[in-house]
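Below: the structure, in structure tokens.
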Amino acid sequence: MSNAVPDTSAPPIITARGILKTMGARTLLTEVEVIVREGEHVGLVGRNGAGKSTLARILSGIEQPDGGNIARRRGASVLYLDQDPQFPPGATPRAVVIGGLAQWSEAKARHDA
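Note that the sequence shown covers residues 5 to 117 in this note's numbering.
And the structure:
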């Protein structure tokens, strides 16, 4: 286990400021601030219904916030794996994972060559 202090000089991959999200009359997220920097590993922890999945969908661009702004580093991608993923008919979980690694596999092949 590492007790390393995050490198605040590392460039941010994503910066979210003032994020607001409501569902009907219920406010899920208010004034959320998130900065994820290169090299960081991040987890969202909270009680059920606190808005963790909603925040993850907002950060990945699947869902839009009702307020605030998000800046992603050019070329960066933030991916979201749904808790109940919907696979294409006939696709195995293995095939879906391998398909998601296509870009990485190509880069590794170029590196190995």
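In this text, a Cβ means the ideal position worked out from N, Cα and C, and glycines have one as well.
*N-terminal and C-terminal residue of the alpha helix (DSSP H) that residue 58 is part of*: 56-64
_Pairwise C-alpha distance: residue 91 and residue 111_ = 25 Å
*Would you report the Cα separation of residue 95 and residue 114, rounded to the nearest angstrom?*
27 Å
*asked:* Quick check on this structure: which residue in 62, 82, 84, 108 has the alpha carbon closest to the alpha carbon of residue 21?
replied: 62
_Rounded C-alpha distance that separates residue 45 from residue 17_ = 12 Å
*asked:* Assuming contact is defined by CB atoms lying nearer than 8 Å, are residue 72 and residue 39 in contact in what I supplied?
replied: no
*Kindly give me the distance between the Cβ atoms of residue 25 and residue 55, rounded to whole angstroms, as I take these residues to be in contact under 8 Å.*
7 Å
*Tell me where the alpha helix (DSSP H) around residue 20 begins and ends.*
It is not in any alpha helix (DSSP H) - residue 20 instead sits in the beta strand (DSSP E) that spans 16-27.
*Using DSSP with H/G/I as helix, E/B as strand and the rest coil, what is residue 106?*
helix
_I'd like the span of the beta strand (DSSP E) that includes residue 117, first residue to last._
Premise fails: residue 117 is in no beta strand (DSSP E) and is neither H nor E.
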